[in-house]
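Once you know that position 13 of the sequence shown is 49 in the numbering used here, the rest is easy, because the numbers rise by one and skip nothing. For each residue, glycine too, the CB sits at the ideal point set by N, CA and C. Below you'll find the structure, written out as structure tokens, and then a few comments.
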Amino acid sequence: MPSHPLAQNAADRRRPGGNGRARAAGGGRGGTRRPLPPGEQFFTPGATGVRAAVERASAAPLVFLFQLPRWITPIVMVALLLAGFSLPDWRGGVAVLPVVAFIAWLAYMSWPSLGVKGRLLRVALLTFLTLVAADRFGAF
């Protein structure tokens, strides 16, 4: 299966059969962006139904997140978590919800490639964050 069109730089889209690997050599926009990870498939092989639709819809956001500087996403997540832990009312719950959604989305996207330990860790993390959000909204 060819690479997803979003994973290809402009030169590869013009060249038939391009697979986005030219970016690894510093191609595209002056070489300032990180190269996409190697791989021939952007989607789970044989995925159907909801998984295929979610993977298709997630392709552009994943490529966007990958092209951001590495420190932005962790800093935003930590800031939201700190706000969620420090604010004891509904505002703390609102701060934790985007983190829960982001972790759930990444867990869903990586689920087919995870082992049992990885799946358990993601379920435990999502359970903990959901309980934190529920506590901030006054469920306990």
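In this structure, Phe173 lies near Trp126, with their beta-carbon atoms less than 7 Å apart. Excluding its 5 nearest sequence neighbours in each direction, Pro148 has C-beta neighbours in its own chain below 6 Å: Thr80, listed in chain order. For the pair of segments examined, the region 131–138 was found to touch the region 112–119: the number of CB pairs separated by less than 8 Å reaches three. Collapsing the DSSP output to three states places Gly129 in a helix. In the DSSP annotation of this structure, the continuous segment of the alpha helix (DSSP H) that includes Phe102 starts and ends at Gly85 to Gln103. By the criterion of a C-beta distance shorter than 6 Å, Arg155 is surrounded by no residue of its chain, once the five residues flanking it on both sides are discounted. For Gly120, the number of other beta carbons within 10 angstroms of its own is at least 16, and it is reported as buried. Per the Cβ contact rule, the region 87–96 is in contact with the region 138–148 (3 or more Cβ pairs under 8 Å). About 6 Å separates the beta carbon of Leu161 from that of Ile139, a gap short enough to meet the 8 Å contact definition. In the three-state reduction of the DSSP assignment, Gly151 falls in the coil class, being assigned neither a helical nor a strand state.
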